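Everything on this sheet refers to the single structure shown next.
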Amino acid sequence: MTHDELRNPVIVIPGILGSRLEQEDTGRVVWGAFSGDFANPERADGARLVGLPMQVGVPLGELRDDVSSAGVLDRLKVN
Numbered sequence: 076m077t078h079d080e081l082r083n084p085v086i087v088i089p090g091i092l093g094s095r096l097e098q099e100d101t102g103r104v105v106w107g108a109f110s111g112d113f114a115n116p117e118r119a120d121g122a123r124l125v126g127l128p129m130q131v132g133v134p135l136g137e138l139r140d141d142v143s144s145a146g147v148l149d150r151l152k153v154n
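In case it helps, our numbering puts the sequence shown at residues 76 to 154.
So this is what it looks like as structure tokens:
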């Protein structure tokens, strides 16, 4: 593992198996609500919620954000 500027992070998507993720201070759904006021990664505010903030010199394992699991998905539709 290298800690230089050219490192490539491994992307793990919490919630992909059925968790609903919310921003802790606002309760805004980041993952698990696919309509309404969800975190749309195509908009700047949504992309900031979906992505983990990077910091120069901080190992990936020490990076944190304010998104946490708030339960399981309310519904799931499989086609």
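All C-beta atoms in this analysis are idealised placements derived from N, C-alpha and C, irrespective of residue type, glycine included.
None of the values given here were measured: they were computed from a predicted structure.
inquiry  = Restricting to runs no shorter than 4 residues, where is the alpha helix (DSSP H) found entirely within the stretch 92 to 141?
reply    = Those alpha helix (DSSP H) runs which fall completely within the stretch 92 to 141 and span 4+ residues are 119 to 125.
key: Simplified DSSP assignment, three categories, for Val147   = Strand, per DSSP.
key: Residues near Ala145 by beta carbon distance below 6 Å, same chain, minus five either side   = So the list reads Arg95, Glu97, once near-sequence residues are dropped.
query = Is it buried or exposed for Gly102, if we count other Cβ within 10 angstroms and need 16 for buried?
reply = Of the residues assessed, Gly102 falls on the exposed side of the cut-off, its CB having fewer than 16 other CB atoms within 10 angstroms.
ask   = Among the residues of its own chain, which have a CB less than 6 Å from the CB of Leu138, if the five just before and after it don't count?
value = Closer than 6 Å at the Cβ level, and outside the excluded window around Leu138, lie Leu127.
key: Given Val125 as reference, the closest of Gly136, Asp140, Leu135 once Cα atoms are compared   = With respect to the C-alpha of Val125, the residue from Gly136, Asp140, Leu135 having the closest C-alpha is Asp140.
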